[in-house]
Amino acid sequence: LDCNIGFIGLGVMGANLTLNLADHGYRVACFDLDQSKVDAIVAKDADERGDAEARITGCSSYTELLNKVKSPRLIILSVPAGDPVDNVCQHLIDAGVHADDIVVDTGNSLWTDSVAREEKYKSKFIFFTTAVSGGEVGARFGPSLMPSGNPYAWTRIEPVLKAIAAKVDPETGKPLESLIPGKPVLDGEPCATYIGPNGAGHYVKMVHNGIEYADMQLICETYQAMRTALHMAPAEIAEVFRRWNEGKLNSYLIEISAEVLEQMDPETSQPLVDVILDQAGQKGTGLWTAVSALQVGSPAQTITSAVFARSLSSLKDERVQASKILKGPNAPVLSDEQKLAAVNKLEQALYCSKICAYAQGFQLMSLAAKEHGWDLQFGDIAKIWRAGCIIRAEFLQSIARAYENNESLPNLLMDPFFADQITQYQLDWRESISQASLAGIPCPAMMSALSYYDSYRTAVLPANLLQGQRDYFGAHTYQRVDKPASKRFHLEWSDPARPQVAIKR
Ligand code: 6PG
Numbered sequence: 012l013d014c015n016i017g018f019i020g021l022g023v024m025g026a027n028l029t030l031n032l033a034d035h036g037y038r039v040a041c042f043d044l045d046q047s048k049v050d051a052i053v054a055k056d057a058d059e060r061g062d063a064e065a066r067i068t069g070c071s072s073y074t075e076l077l078n079k080v081k082s083p084r085l086i087i088l089s090v091p092a093g094d095p096v097d098n099v100c101q102h103l104i105d106a107g108v109h110a111d112d113i114v115v116d117t118g119n120s121l122w123t124d125s126v127a128r129e130e131k132y133k134s135k136f137i138f139f140t141t142a143v144s145g146g147e148v149g150a151r152f153g154p155s156l157m158p159s160g161n162p163y164a165w166t167r168i169e170p171v172l173k174a175i176a177a178k179v180d181p182e183t184g185k186p187l188e189s190l191i192p193g194k195p196v197l198d199g200e201p202c203a204t205y206i207g208p209n210g211a212g213h214y215v216k217m218v219h220n221g222i223e224y225a226d227m228q229l230i231c232e233t234y235q236a237m238r239t240a241l242h243m244a245p246a247e248i249a250e251v252f253r254r255w256n257e258g259k260l261n262s263y264l265i266e267i268s269a270e271v272l273e274q275m276d277p278e279t280s281q282p283l284v285d286v287i288l289d290q291a292g293q294k295g296t297g298l299w300t301a302v303s304a305l306q307v308g309s310p311a312q313t314i315t316s317a318v319f320a321r322s323l324s325s326l327k328d329e330r331v332q333a334s335k336i337l338k339g340p341n342a343p344v345l346s347d348e349q350k351l352a353a354v355n356k357l358e359q360a361l362y363c364s365k366i367c368a369y370a371q372g373f374q375l376m377s378l379a380a381k382e383h384g385w386d387l388q389f390g391d392i393a394k395i396w397r398a399g400c401i402i403r404a405e406f407l408q409s410i411a412r413a414y415e416n417n418e419s420l421p422n423l424l425m426d427p428f429f430a431d432q433i434t435q436y437q438l439d440w441r442e443s444i445s446q447a448s449l450a451g452i453p454c455p456a457m458m459s460a461l462s463y464y465d466s467y468r469t470a471v472l473p474a475n476l477l478q479g480q481r482d483y484f485g486a487h488t489y490q491r492v493d494k495p496a497s498k499r500f501h502l503e504w505s506d507p508a509r510p511q512v513a514i515k516r
C-alpha cells in the first residue's frame, strides 16, 4: 500500500486525526511505540470502512513507516510536548528521513521549542507545526488548526489540513457539523489558516488556551455565584446555562458546562459536580500564556487570574483549614424575584468579562507579533476559532468582523460594536461583582476583567504617583506631562529647600 501520509503517535488525538484523514481519502501509514494502539486503529478502520479498501495500514517500526509513505513524504506527529517530539525526530533521522520530507508537530509544544526545532532539523527534514484544538471529537470530525513554518511546506500540506479541519458557514459563522464516520462535511470555510513563520502557530494556540482558561474560570465563577449566593441547585444552573446558550453567550464551553451540571453520579445519585474534587489540573499552556504576557508587558489579568485560580484551587487542605478560621459575610437571603434579577445580571457580567478576556488575548498576540516580527491576521485567527476548537462560539464571528472592519484595531474594546455592548451591560456587570463581593463569593477573573476595562478607559492612572515613589527612593527619574517624553527628570528629594505644599501637621 502506497500511503500519502505517515502518522506517528496514536493516543486519543492521534488516533482520531488518523481516522479523520482516512475519511478524506488519504491513505495513512501509522506507527506507535505501543503496538496495541496500532492494532486498535487498524481494527477500527476495518470496522468503519466495511467492505471498502483499507485506508489505514499499521507499521511496527519507523523504517517500515518511511518505506510505506510516498516521497517527498508528509509525516504527522501527535506525541506529548517536550522531549518525545525530539525523540521521534531523532528516530526518523536514524531511519532515513529525507531533507525534502515534511514532519509536522501537532502537539501542544512550547512555541520557542518549535522555533528551535526548525533550526535544529533544517538539514535533515522540513520541520513544520500545526497546533490542533478541539479535543477528541474535534480531532475526529474537524478540529481548528493553526499551522506555521516554512511557506513551501504549507503549500504542500494546505489541502490536507483544509480537508480535515472543521468547517463553518461563511455567512453566519456557524459550524457545519457531521459526527458520522466516513461522511465528513465537504463544503464551508475550513478552520485552518497559515499563521506565520515557525513558532507563530504554537504561540497563537497557546493564547487560545490562555483564553480557554479565562473563559472556563469565568463560567465557573458565575456557577459559584448562583450556587452559593443564590442557593441554586446544579440542575437549575444547567437550565440557566442552556438558556444563555441560546443568546449572545452561545458557546461550546457553556453547552458542556450545562451537561456537566446535569450529570448525576452513578454511584451516589448526587449531582456529579458535588462529588468531583474542587482541585483543578493544568498541563502548562495557560501558565505559558501568563508568563508570556508578563514578558511582553501585555496586560492579561483575566487570563493570569484564571491560572492563579487553578493554583489556589490546588491548595485544598489549606483552604479547608482557612474556611474554619477566616471570616467573611453571609450571603443575604433573596426573594425569587431578586434571584431572577441577579441571574439576569450575571449573564451580562459574564458577557462583559468574556469580551475583556478575549481583548486581552488578542492584545497579547498583537504585542507578541510586533516583538517577533509576525504578521498575524487577527480576523483570520478569529475565523478559525469559530468552529472545531474548545473556545468555539458565535462570539468569534463578531471578533472576526471587528478586525475586518479595522485590521489595525488596537484593542477589541475599541471596536464600536464591543464598546457599545459594554456600555449597554456594564451596570449589571458592576452590580454582580458588588453583590458577589458583599456575599463573600470569590470571582477573581470577573473582578480582574472589570479592573482591566476601567484601567484601559482611564486617561490618567496613578502611575504618576508611582513614578514619584520610584524617583524618591531610587532616582529612577520621571517624565513630565508638559515636556517631551524623551526628557527624564529627577528631583533632589533629600533637599530640605525643595518646594513643598504647605500643610499644617
Ligand atoms: C484544545 C485544548 C487542549 C487541551 C488543553 C487542556 O484546544 O483542544 O486546549 O489543548 O485539552 O491542553 O489544558 P489543561 O490541561 O492545561 O487544562
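For the sequence shown, full-length UniProt numbering assigns the number 12 to the initial residue and increments by one for each residue that follows.
For every residue, glycine included, the Cβ atom is placed at its ideal position computed from N, Cα and C.
Remember, it's a predicted structure, so these values are computed and weren't measured experimentally.
| Check | Outcome |
| --- | --- |
| Under a Cβ-count criterion, where at least 16 other Cβ atoms within 10 Å of its own Cβ denotes burial, should residue 11 be classed as buried or exposed? | The chain is shown from 12 up to 516; residue 11 falls before or after that span and cannot be answered. |
| Helix, strand or coil, according to DSSP, for residue 9 in the structure here? | No answer is possible for residue 9: the residues shown for the chain start at 12 and end at 516. |
| Hey, is the segment 421-439 in contact with the segment 225-244, meaning 3+ C-beta pairs nearer than 8 Å? | no |
| Going by CA-CA distance only, name the one from Ile392, Ser89, Phe319, Gly339 that's closest to Pro201. | Ile392 |
| Tell me, please, which residues DSSP counts as bridged to Ala380. | Answer by DSSP bridge pairing: none, since Ala380 is not bridged. |
| Comparing C-alpha positions only, which one of Ala240, Thr239, Glu273 sits nearest to Phe252? | Glu273 |
| Taking DSSP's pairing of strands, which residues face Pro282 in a bridge? | Met275 |
| Measuring alpha carbon to alpha carbon, tell me which residue in Pro181, Glu182, Gly199 is nearest Ser189. | Gly199 |
| Does the segment 495-504 come into contact with the segment 477-486, if we say contact requires no fewer than three beta-carbon pairs (one atom in each stretch) closer than 8 Å? | yes |
| For Tyr489, which of helix, strand or coil comes out of DSSP? | strand |
| Let me know if Thr166 comes out buried or exposed under the rule of 16 or more other beta-carbons within 10 Å of its beta-carbon. | exposed |
| Report the partner residues of Glu157 according to the DSSP bridge assignment. | Looking at the sequence provided, one finds Met at residue 157 rather than Glu. Paired residues: Ala142. |
| Looking at Asn27 and the ligand 6PG, is the gap between the Cβ and the nearest heavy atom below 7 Å? | no |
| Taking only the alpha-carbon atoms, compute the straight-line gap between Ser316 and Lys178 and give it to the nearest angstrom. | 32 Å |
| Cβ of Ser82 versus every heavy atom of the ligand 6PG: is any distance shorter than 7 Å? | no |
| Nearest-angstrom Cα distance between Val114 and Ser377? | 28 Å |
| Would DSSP call Thr68 helix, strand or coil? | strand |
| Please tell me whether, using a cut-off of 7 Å, the distance from the CB of Ile401 to the nearest non-hydrogen atom of the ligand 6PG is below it. | yes |
| Work out the CA separation of Ala360 and Lys81 for me, nearest whole Å. | 54 Å |
| As an exercise, report each continuous beta strand (DSSP E) stretch of at least 3 residues that is fully enclosed by the segment 21-85, in chain order. | 39-42, 67-69 |
| Does the distance between the C-beta of His219 and the nearest non-hydrogen atom of the ligand 6PG fall short of 7 Å? | yes |
| Less than 7 Å between the CB of Gly292 and some heavy atom of the ligand 6PG, yes or no? | yes |
| Which of the three DSSP states is assigned to Pro245 in this structure? | helix |
| First and last residue of the alpha helix (DSSP H) that includes Leu191? | Note that residue 191 is Ile in the sequence shown, not Leu. First-last for Ile191: undefined, no H or E at that position. |
| Could you compute how far the alpha carbon of Glu397 sits from the alpha carbon of Pro186? | Reading off the sequence, residue 397 comes out as Arg, not Glu. Going by the C-alpha atoms only, they are around 7 Å apart. |
| Between Tyr263 and Arg151, how many whole angstroms is the CB-CB distance? I'm expecting something under 8 Å. | That pair is no contact at about 15 Å. |
| May I have the straight-line CA-CA distance separating Asp58 from Asp112, to the nearest angstrom? | 31 Å |
| Does Gly184 come out as helix, strand or coil in the three-state DSSP assignment? | coil |
| If you draw a straight line from the alpha carbon of residue 6 to that of Ser144, how long is it in whole angstroms? | Limits of the chain in this structure are 12 at one end and 516 at the other, which puts residue 6 out of reach. |
| Taking three-plus beta-carbon pairs below 8 Å as touching, is the segment 410-421 in contact with the segment 241-250? | no |
| Check Ser262 in the structure and name its three-state DSSP category. | strand |
| Report yes if the CB atom of Leu375 is closer than 8 Å to the CB atom of Ser309, and no otherwise. | yes |
| Is the number of C-beta pairs between the segment 346-357 and the segment 271-291 that are closer than 8 Å three or more? | no |
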